[in-house]
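Its first residue numbered 1, the sequence shown is counted upward by one per residue in the numbering used here. The beta carbon of each residue, even a glycine, is placed where N, CA and C say it ideally should be. Worksheet: one structure, shown below.
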Amino acid sequence: MDMPSIVGVEAARVQDRFRTIHTGAAMDLATVAELDLRRLRQFVAVAEELHFTRAAERLHLSQPALSARIRELEERLGVRLLERTSRSVALTDAGALLLERARPLLLDAEATLAAVRGAGGIAVPLRVGLMGTAGAVLFPPIRERLLAERPGLQIEVRVLQGAAGLLRGEVDVALCRLDPDLDGEVTAGLRIVVLDREPRVLALASGHRLADRGSLTMADLVDEAFLTQPEAANPAWRDRWLAEQRRHGLPGRIAAEVGDAEELLALVSSGAGVCLVPRTAATHHARPGIAYVPVRDAEPTVTSVAWHERAETALVRAFVAAARAATAGRAA
Numbered sequence: 001m002d003m004p005s006i007v008g009v010e011a012a013r014v015q016d017r018f019r020t021i022h023t024g025a026a027m028d029l030a031t032v033a034e035l036d037l038r039r040l041r042q043f044v045a046v047a048e049e050l051h052f053t054r055a056a057e058r059l060h061l062s063q064p065a066l067s068a069r070i071r072e073l074e075e076r077l078g079v080r081l082l083e084r085t086s087r088s089v090a091l092t093d094a095g096a097l098l099l100e101r102a103r104p105l106l107l108d109a110e111a112t113l114a115a116v117r118g119a120g121g122i123a124v125p126l127r128v129g130l131m132g133t134a135g136a137v138l139f140p141p142i143r144e145r146l147l148a149e150r151p152g153l154q155i156e157v158r159v160l161q162g163a164a165g166l167l168r169g170e171v172d173v174a175l176c177r178l179d180p181d182l183d184g185e186v187t188a189g190l191r192i193v194v195l196d197r198e199p200r201v202l203a204l205a206s207g208h209r210l211a212d213r214g215s216l217t218m219a220d221l222v223d224e225a226f227l228t229q230p231e232a233a234n235p236a237w238r239d240r241w242l243a244e245q246r247r248h249g250l251p252g253r254i255a256a257e258v259g260d261a262e263e264l265l266a267l268v269s270s271g272a273g274v275c276l277v278p279r280t281a282a283t284h285h286a287r288p289g290i291a292y293v294p295v296r297d298a299e300p301t302v303t304s305v306a307w308h309e310r311a312e313t314a315l316v317r318a319f320v321a322a323a324r325a326a327t328a329g330r331a332a
């Protein structure tokens, strides 16, 4: 839900957030109070995508309409936020500062609305993000436990490709593969609780020379080309993957980058490459043409529950408690 504007005491707080947008001068209170959160969301989408067409698709707007609204925001603030050419979009210094400060402001607004509505007796849905098999496997028992405690709760489920949706406030809480010890660069501002640690297995075509082995080591994979998720989706994950390959003397050969699970499985089945996946994938994605073989010395993967520290609500806390209870003892 969008708030039309920020007024009163909130305006004073927001003014402090946006002080010294450019040339060290503070924006006047009236300008800050008129900052429309809808406009800020639109700016954040463009700033994160650095591409008007992709941002417009994300916002369900036409590209010309989005461009016009960003120009209106720049005129209202009196600064240029984006440098545009026919081929690229880049943030100015003022735009980078606005992006940095708009994100927590938007999260605060969402959390405030949810808290006020909840206090007023209005049913507020809990938006849960699921990332891959992490969500598909653990979500059902967590949902069952949560609904037993809160029978009238509405739960909206969204599939996420990475942490960006959680950081943007598109969901309230997520089941994911983020590791608080290893993913520091992408998890700033998030609170993460590890629920489970599980071994990884190698997904490979059933006719592959290694498919009939009872188990493997990383050294057995030295000649293999791997299917991986796109680097842009999670740079920290790619860095960890390459580091693990180097530790075991593997060249880190990539056959293809794949963002969709079904496409990944189709490529594995065709023999285009192999992929290290969580053990639960062997059950969740079991199908003809694909074998799953344990890799004894591969690093385990984690399943976590994550939420933004600025958007912690009673519903989020209830979900986290249900997740802990449903997976008690699994992360040891």
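- Around the beta carbon of Thr133, 16 or more other beta carbons sit within 10 angstroms, so the residue counts as buried.
- Within 10 angstroms of the beta-carbon of Ala109 lie 16 or more other beta-carbons, which makes it buried.
- With three or more CB-CB distances shorter than 8 Å, the region 33–52 counts as touching the region 64–76.
- For the pair Leu276 and Gly135, the Cα-to-Cα distance works out to about 18 Å.
- Our two residues, Asp172 and Glu198, have alpha carbons roughly 25 Å apart in a direct line.
- Across the structure, Val159 and Leu195 are spaced so that their CA atoms are roughly 19 Å apart.
- Glu299 is not bridged by DSSP to any residue.
- Residue state for Glu231 is assigned as helix, using DSSP reduced to three classes.
- Counting along the chain, Arg38 sits inside the alpha helix (DSSP H) bounded by residues Leu37 to Glu49.
- In the three-state DSSP reduction, Leu195 falls in the strand class (E or B).
- Taking 8 Å as the cut-off, the beta carbon of Leu147 is found closer than this to the beta carbon of Leu153.
- Around the beta carbon of Pro278, 16 or more other beta carbons sit within 10 angstroms, so the residue counts as buried.
- If you ignore the 5 residues before and after Arg145, its C-beta comes within less than 8 Å of the C-beta of Ala322, Ala325 and Ala326, all in its own chain and listed in chain order.
- Per the DSSP secondary-structure output, Leu204 pairs in a beta bridge with Ala291.
- Judged by DSSP secondary structure, Val277 falls within the beta strand (DSSP E) whose first and last residues are Cys275 to Pro278.
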